[in-house]
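There are 2 protein chains.
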Amino acid sequence: MALRGSLLVGQSGGPTAVINASLAGVIEEARKHSEIGEVYGAVRGVEGLLEEEMVNLGAEGEEAISLLPNTPSAALGSCRRKLTDGDYARLLAVLKAHDVRYLCYIGGNDSADTTHRIGRFAAEAGWEMRVVGIPKTVDNDLGYTDHCPGYGSVARFNAMAARDAGLDTLALHTVDTVKIIETMGRNSGWITAATALARQEPGDAPHLIYLPERPFDVDRFLGDVKGEVEKGRGCVVAVCEGLKDAEGNVLVSFKYAVGTDSFGHKQLGGVGDHLVSLIAERLGIKARFDKAGTIQRVFGLAQSEVDVAEAKMVGAAAVARACEGVSDQMITLERVSQSPYRCETGLAALAEVANAERPVPDEFISEEGNDVTAAFLEYARPLIGGPLPGYARLRMKRVPKLVGS
Amino acid sequence: MALRGSLLVGQSGGPTAVINASLAGVIEEARKHSEIGEVYGAVRGVEGLLEEEMVNLGAEGEEAISLLPNTPSAALGSCRRKLTDGDYARLLAVLKAHDVRYLCYIGGNDSADTTHRIGRFAAEAGWEMRVVGIPKTVDNDLGYTDHCPGYGSVARFNAMAARDAGLDTLALHTVDTVKIIETMGRNSGWITAATALARQEPGDAPHLIYLPERPFDVDRFLGDVKGEVEKGRGCVVAVCEGLKDAEGNVLVSFKYAVGTDSFGHKQLGGVGDHLVSLIAERLGIKARFDKAGTIQRVFGLAQSEVDVAEAKMVGAAAVARACEGVSDQMITLERVSQSPYRCETGLAALAEVANAERPVPDEFISEEGNDVTAAFLEYARPLIGGPLPGYARLRMKRVPKLVGS
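Chains as they are written, first to last, in my numbering: chain A, -15 to 389; chain S, -15 to 389.
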């Protein structure tokens, strides 16, 4: 017999360009299931839920729902709230009061943990409720899934940014010789790696790529930069904000960080600035850095169409699977075909996804540790949703010199 | 009688998203004039010209020319080279050897000065050559023109970035409460001001905007931020990299700057980082900063259609006017209608444009010095080329609370 009751959906963790596409997928699928009554949204995920801050998503108009997939950031609000033991009873009281029988929570590994714990507490208290996680993280570091919704779009932004900023350096390399592009990525280099998708021909930017999966060696780095500069067309370097030294310490953490968030994450900062100083001091070469920061994860214009479609698909699948009886699972993406590229949804236990991080694997990182491999490009290219816009390449046919020097 | 000979075009200063559209305008217009023989490009402006590094633009294929207007950065290469007295004779020898009778130089105020001086030297040496400047600068700080090609696109990027990063802060404001968006702008706040175009409804980001046209007062700034944070939806602040204190000193200059460029410009840096530290130290509030850096000036995807069309128009006008006999002038843009928006080209003497900077005028800055005025929005809105993409705004109808706290 079908489980009748309300559905609650929440968004958690860092916003992305497509987390609202997953929300739209949930809302649209919920409407198809008669056993689902009200569709509620949690304001700022579990943070608002603890205050019983909920909205009625059934009251939203068609136009807003249709615009949601192309609206970046988290429309319901988000949080980074780790639940404490005392929170669960309160949460369950709220869920029961509103007859919530379906809980869909969109987030990364911390959110998978939260979702799993809420489900377990409800089950132990005898409240029948199906909890399903919906993957979302620009960091692309969840296990058990081919990739994470949100990644394709941040990858597309960074591929475009590296290409355009690379052309900028190419044009002005006798003035601004080195450019550091600092990308997001706390512990994994997936986002940084995506800058390699900027390249169309040999010699194109970025010329060097450093991921936190390899210890960062300053002397090696400076040698690499010097070698590229000597080629006479400037040097564009993509680095991850979370670069670590040989001891595993982050290269630069933020000087005046205001505490840590409740999951214990420290505020990172300043890798780009730091490396520009190093290059100036040690090599006497002028460098500058671009750090798009949060702009990269939510830039609506750089949405990957593949990412939008998949984010919607995992949202819809969460509701469909929950209605079939699935619970305590996260929806995953399984690549069933590479050419043409196609993904289907699968399932993974929330408890296994929770708090596990998937770094960029060895086969995606060049032996020298300063670039990615062809295997990475093959993996990532379909995710950014179609080729980058076509640019002119001038032949630059030289005019014979007539004047002696 | 028509002046017969070759045309040389060069690009100078910081790249933009549309400087190649001006190049395309030059090439296409030159083809219409039978008195113009060869069309040459200077590699890296006067820097390459001193080495007689020139390309034959007549050898470029149709496809490359047609893609040029939508290809960001400077396809011929650029420079920031201030000519010294000894350079002119060498330059003229190169120009004469290639029978250059038409010189079109695309750039900002420094380039206007360079162009004027080359023209004067050639005239004094009895070499008949028409020199015309083509305006280009994301900084929008040239006088005698309504605005500068390049500005509309950097403005569009920053309006979009501020809107999207604003939604990001709105969603996660209980974690990352304040966001600083650091924009380009050495001495003028035009680019920073453009972030205001992000706003669609009252309360939208950015909440505070600081331009270098007003002395930056730290205590006033911290008070402004505190006031915005108390409204409970986070605070997004747009600041210019070139902010100055009451004594006119830049707030933060780069620690390890490698000299200055040949025009004496110092390397700026770190305003965003500095303010994040101040907010943490003095207010105990967590902040972060986004600094898109060079990405903002060349992001192809954010090109303003108006900007592309006007950049092409001023390029074509430079050639057409030169063929009519105009010399020692820069093409300007004159706004002949606000609704519907329309600009025509005009002329201004290069010597007057040279080295003059146009700051954001008083009537465009709010009385408190922390925002722009409606008059600025009216001025800038047409330049970004059509409205920003439509986003969903959820009604967020609250569900009545049923559980006591």
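The C-beta atom is built at its ideal place from N, Cα and C for all residues, glycine as well.
* With S:Met390 as the anchor, note down where its beta strand (DSSP E) starts and where it stops. => As shown, chain S starts at -15 and ends at 389. That puts residue 390 of chain S outside it, with no answer to give.
* Quick one: does A:Met168 have its CB under 7 angstroms from some CB of chain S? -> Indexing the first sequence from 1 puts residue 168 of chain A at position 184. Closer than 7 angstroms: no.
* To do: Name, going along the chain, the residues of the segment 76 to 103 of chain S whose beta-carbon falls closer than 8 angstroms to a beta-carbon of chain A.
  => Contact residues of the segment 76 to 103 of chain S toward chain A are Ala77, Val78, Ala81, His82 (C-beta to C-beta distance below 8 angstroms).
* Closest Cα partner of S:Ile118 within the set S:Thr357, S:Ala295, S:Pro345 -> To locate residue 118 of chain S, count along the second sequence from 1; it is residue 134. When S:Thr357, S:Ala295, S:Pro345 are compared, the shortest CA-CA separation from S:Ile118 is found for S:Ala295.
* Please name the residue in S:Gly103, S:Gly169, S:Pro133 whose C-alpha comes closest to that of S:Met297. => Locating residue 297 of chain S in the second sequence gives position 313, where the first residue counts as 1. Of the candidates S:Gly103, S:Gly169, S:Pro133, the one whose C-alpha sits nearest the C-alpha of S:Met297 is S:Pro133.
* Roughly how many whole angstroms lie between the Cα atoms of S:Tyr72 and S:Gly92? -> Translated into positions along the second sequence, residue 72 of chain S becomes position 88. Translated into positions along the second sequence, residue 92 of chain S becomes position 108. Going by the C-alpha atoms only, they are around 20 angstroms apart.
* Looking at the unbroken alpha helix (DSSP H) that takes in S:Cys132, where does it start and where does it end? -> Looking up residue 132 of chain S in the second sequence gives position 148. Bounds of any alpha helix (DSSP H) do not take in S:Cys132, whose DSSP letter is neither H nor E.
* To do: Determine the DSSP secondary structure at A:Arg377, reduced to helix, strand or coil.
  => Indexing the first sequence from 1 puts residue 377 of chain A at position 393. In the structure shown, the three-state DSSP call for A:Arg377 is coil.
* **A:Ser18 vs A:His82 beta-carbon contact at 7 angstroms** => For the purposes of this step, residue 18 of chain A is taken as the residue at position 34 of the first sequence. For the purposes of this step, residue 82 of chain A is taken as the residue at position 98 of the first sequence. Contact annotation: A:Ser18 and A:His82 have beta-carbon atoms that are not nearer than 7 angstroms.
* To do: Go through its chain and collect everything with a Cβ distance to S:Pro343's Cβ below 6 angstroms, but skip five positions before and after it.
  => The residue labelled residue 343 of chain S in the question sits at position 359 within the second sequence. Hits under 6 angstroms: Ser172, Glu197.
* With burial defined as no fewer than 16 other Cβ atoms inside 10 Å of the residue's Cβ, what is the status of A:Gly103: buried or exposed? -> As a working mapping, residue 103 of chain A is identified with position 119 in the first sequence. Looking at its Cβ environment, which holds 16 or more other Cβ atoms inside 10 Å, A:Gly103 is buried.
* Whose C-beta lies closer than 7 angstroms to the C-beta of S:Glu112 among residues of the same chain, with five residues either side of it excluded? -> Translated into positions along the second sequence, residue 112 of chain S becomes position 128. The answer, listed in chain order, is Leu(-13), Arg85.
* Asked: Looking only at DSSP bridge pairs, what is S:Cys224 linked to?
  -> Stepping through the second sequence from its first residue, residue 224 of chain S is reached at position 240. S:Thr167.
* To do: Would you list, in chain order, the members of the segment 44 to 67 of chain A that have their beta-carbon closer than 9 angstroms to a beta-carbon of chain S?
  => Within the segment 44 to 67 of chain A, those residues whose Cβ lies closer than 9 angstroms to any Cβ of chain S are, in chain order, Glu44, Gly45, Glu47, Ala48, Ile49, Ser50, Leu51, Leu52, Pro53, Asn54, Thr55, Pro56, Ser57, Ala58, Ala59, Leu60, Gly61, Ser62, Cys63, Arg64, Arg65.
* In angstroms, rounded to a whole number, what distance separates the CA positions of S:Ser210 and S:Lys270? -> Stepping through the second sequence from its first residue, residue 210 of chain S is reached at position 226. Stepping through the second sequence from its first residue, residue 270 of chain S is reached at position 286. The sequence given here has Lys at residue 210 of chain S, not Ser. Looking at the two C-alpha atoms, the distance is approximately 12 angstroms.
* Asked: When DSSP labels each residue in this structure, what does S:Asp291 get in the three-state scheme?
  -> As a first step, residue 291 of chain S must be located in the second sequence, where it is residue number 307. Helix.
* To do: Identify the continuous beta strand (DSSP E) that holds A:Asp274 and give its terminal residues.
  => For the purposes of this step, residue 274 of chain A is taken as the residue at position 290 of the first sequence. Boundaries of the beta strand (DSSP E) harbouring A:Asp274: 271 to 274, taken from the DSSP string.
* Bounding residues of the beta strand (DSSP E) (the contiguous stretch that carries S:Arg326) -> In the second sequence, the residue the question calls residue 326 of chain S occupies position 342. Membership of S:Arg326 in the beta strand (DSSP E) is indicated by the continuous run 325 to 333.
* **Of the listed residues S:Glu352, S:Ile3, S:Val23, nearest to S:Glu12 (C-alpha basis)** => As a first step, residue 12 of chain S is located in the second sequence; it is residue number 28 there, counting from the start. Of the listed residues, the one whose Cα sits closest to S:Glu12 is S:Val23.
* Using a C-beta cutoff of 7 angstroms, does S:Ile279 count as contacting chain A? -> Reading the second sequence from its first residue, position 295 is the one you call residue 279 of chain S. Interface residue (Cβ-Cβ distance to chain A less than 7 angstroms): S:Ile279 is classified as such.
* Is A:Glu294 near the ligand GTP, with its Cβ less than 6 angstroms from a heavy atom? -> Looking for the ligand GTP in the displayed structure turns up nothing, as the structure carries no ligands at all.
* To do: Could you tell me if A:Ser95 is buried or exposed, where buried requires 16 or more neighbouring beta carbons within 10 angstroms of its beta carbon?
  => Here the question's residue 95 of chain A lines up with position 111 in the first sequence. Looking at its Cβ environment, which holds 16 or more other Cβ atoms inside 10 Å, A:Ser95 is buried.
* Asked: Is S:Phe205 close to chain A, meaning its C-beta is less than 7 angstroms from at least one C-beta of that chain?
  -> For the purposes of this step, residue 205 of chain S is taken as the residue at position 221 of the second sequence. Not one chain A Cβ lies under 7 angstroms of S:Phe205.
* Asked: Is any beta-carbon of chain S found at less than 7 angstroms from that of A:Ala155?
  -> Numbered from its first residue, the first sequence carries residue 155 of chain A at position 171. Answer yes: the Cβ-Cβ gap between A:Ala155 and chain S drops below 7 angstroms somewhere.
* Buried/exposed call for S:Ala359, threshold 16 Cβ in 10 Å -> Working through the second sequence from its first residue, we reach residue 359 of chain S at position 375. Counting other Cβ atoms within 10 Å of its Cβ, S:Ala359 stays below 16 and is therefore classed as exposed.
* Taking the continuous alpha helix (DSSP H) assigned at A:Ser6, which residues delimit it? -> As a first step, residue 6 of chain A must be located in the first sequence, where it is residue number 22. For A:Ser6, the enclosing alpha helix (DSSP H) stretches over residues 3 to 15.
* **Cβ pair count under 8 angstroms reaching 3, the segment 23 to 40 of chain A against the segment -10 to 4 of chain A** => In short, these stretches touch, since the Cβ pair count reaches three.
* To do: Indicate the three-state DSSP secondary structure (helix, strand or coil) for A:Ser321 in the structure shown.
  => Position 337 of the first sequence, counting from 1, holds the residue named residue 321 of chain A. In the structure shown, the three-state DSSP call for A:Ser321 is strand.
* To do: Tell me, please, whether the segment 267 to 287 of chain A touches the segment 158 to 175 of chain A by the rule of three or more beta-carbon pairs shorter than 8 angstroms.
  => Judged by Cβ distances under 8 angstroms, the segment 267 to 287 of chain A makes contact with the segment 158 to 175 of chain A, as three or more pairs qualify.
* Asked: Which chain S residues sit within Cβ distance under 8 angstroms of A:Met144?
  -> Sequence index remark: in the first sequence, residue 144 of chain A carries index 160 (1-based). Listed along the chain, the chain S residues whose CB falls inside 8 angstroms of the CB of A:Met144 are Phe283, Gly284, Leu285.
* Take S:Ala396 as the anchor and find which of S:Met314, S:Ala109, S:Ala182, S:Ile49 has the nearest alpha-carbon. => With chain S represented from -15 up to 389, any question about residue 396 of chain S goes unanswered, as that position is not in the structure.
* Within 7 angstroms of chain A by C-beta, residues of the segment 358 to 378 of chain S in sequence order -> When CB distances to chain A are screened at a threshold of 7 angstroms, the residues of the segment 358 to 378 of chain S falling below it are Pro373, Gly374, Tyr375, Ala376, Arg377, Leu378, in chain order.
* To do: Mark A:Gly309 as exposed unless 16 or more other C-beta atoms lie within 10 angstroms of its C-beta, in which case mark it buried.
  => Here residue 309 of chain A refers to the residue found at position 325 of the first sequence. A:Gly309 comes out exposed.
* Asked: Is A:Pro53 helix, strand or coil by DSSP?
  -> For the purposes of this step, residue 53 of chain A is taken as residue 69 along the first sequence, with counting starting at 1. The three-state reading of DSSP puts A:Pro53 in helix, counting H, G and I together.
* To do: Kindly say whether S:Lys210, judged by its beta-carbon, lies nearer than 7 angstroms to any beta-carbon of chain A.
  => What you label residue 210 of chain S is simply residue 226 of the second sequence in a count that begins at 1. Contact with chain A is absent for S:Lys210, since none of that chain's Cβ atoms lies less than 7 angstroms from the residue's Cβ.
* Asked: What's the gap between the Cα of A:Ser323 and the Cα of S:Gly32?
  -> Counted from its first residue, the first sequence places residue 323 of chain A at position 339. Counted from its first residue, the second sequence places residue 32 of chain S at position 48. Straight-line Cα distance between these residues: approximately 46 angstroms.
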